[in-house]
Structures are given as structure tokens and as C-alpha cells.
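**Q** In the working numbering, the protein residues as written are 223 to 398. The structure that follows is given in the form of C-alpha cells.
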């Protein structure tokens, strides 16, 4: 198998005073792309027997040098975050993130090598050959498996009880 991953991020930060304290405002965008390519190679002779309670139920036959599969994921994320220092004792972190995940199967071509054979037959295995003779090069268009859009809020605070950095009360809420 072959896993690939590419990720890029851009962050802008701006600090200012106002609203009863100091702020550190961040705005960012990230892009993630992951891709998996693998093979079902590994079954002896590319034949797999499937059993149901110890009884042969079906056989899966693959008569190709390599039966490749590929799937991908892209993630676009945009966020805004404010770290607000109110006096010496209280720090608030407030943020909103938006994630868009797209899971897909990229365009693929399965080349036949003397016939790209894939068949499943029931317990009697009769007519097995009739299902094996009709396969040639197969082209698959890009297919979107799922798209997920998620707004994910985040909020946290730290309160320094005595103002000396030794005792704090902390709380947070967020969706991930």
C-alpha cells in the first residue's frame, strides 16, 4: 500500500488592546489532502474462499497481477480565534472553526491483463466461467463518497485564583 499526505496552513495574527484587556486575534486556513492506494494482492492465486459458520459460502476470484484501489480525502479548514487577557487573573480563548471534509474515489483505470476477472458465485459454483469472460479495461469516474460541513465552536478560560500562577481554575468547551 502507499499512503500520501499533503498539508498546508496560513495563519495571520494581530495583537491589540481594547475591551478591558489585551487581545491576540488569529485567523487561519489549512488544507489537507490524504490519499491511499493499495492492493488486494496477498490471497493465494488471487482466490479467496468465504465461509459462513464453517461452510463454504462463496469464492472471490481475481485474475490480475495487481488489483489496485484508491481513495482520498480533502479537508478545508478556516478559523478565527481570540485570546483575551482580562486583567492579571482571567484569560479567555474564543474561537470558531469551519471544516469541510470531502471523501472521494479519484478517477481510476483498471487495466486487464488477459482479462480483469472479478466474480462471486454462491455455494454451487456453477456458471462460474460465464461470469469470468466479459471483463476488459474498466474506467471509473471520480466519485464523491461523502461531504461533511462542520462549524466547530471552541471556548476556554483560565482563572488564576491568587494571581501568582500557582492555583488556577480551568474550563473548556469545544467540538472536534
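Built from N, CA and C at the ideal position, the CB exists for glycine as well.
Could you give the residue range of the beta strand (DSSP E) that holds residue 397?
**A** Numbered from 1 along the chain shown, position 175 holds the residue referred to as residue 397. Taken as a continuous stretch (DSSP letters only), residue 397 belongs to no beta strand (DSSP E), as it is neither H nor E.
**Q** Where does the unbroken beta strand (DSSP E) through residue 321 begin, and where does it stop?
**A** The residue you call residue 321 lines up with position 99 of the chain shown. First-last of the beta strand (DSSP E) with residue 321: 312-327.
**Q** Do residue 307 and residue 243 come within 9 Å of each other at the CB atom, strictly closer than that value?
**A** Reading the chain shown from its first residue, position 21 is the one you call residue 243. Reading the chain shown from its first residue, position 85 is the one you call residue 307. Using a Cβ distance threshold of 9 Å, residue 243 and residue 307 count as a contacting pair.
**Q** Is residue 364 helix, strand or coil when you go by DSSP?
**A** Within the chain shown, numbered from 1, the residue matching residue 364 stands at position 142. In the displayed model, residue 364 falls within coil according to three-state DSSP, outside both helix and strand.
**Q** Alpha carbon to alpha carbon, how far is residue 237 from residue 379?
**A** As a first step, residue 237 is located in the chain shown; it is residue number 15 there, counting from the start. As a first step, residue 379 is located in the chain shown; it is residue number 157 there, counting from the start. If you draw a straight line from the Cα of residue 237 to the Cα of residue 379, it is about 18 Å long.
**Q** Assign residue 365 to buried or exposed, taking buried as 16 or more other Cβ atoms, counted over all protein chains shown, within 10 Å of its Cβ.
**A** For the purposes of this step, residue 365 is taken as the residue at position 143 of the chain shown. So residue 365 counts as exposed.
**Q** Measuring CB atoms only, is the region 314-329 touching the region 360-375, in the sense that at least three cross pairs come out at less than 8 Å?
**A** yes
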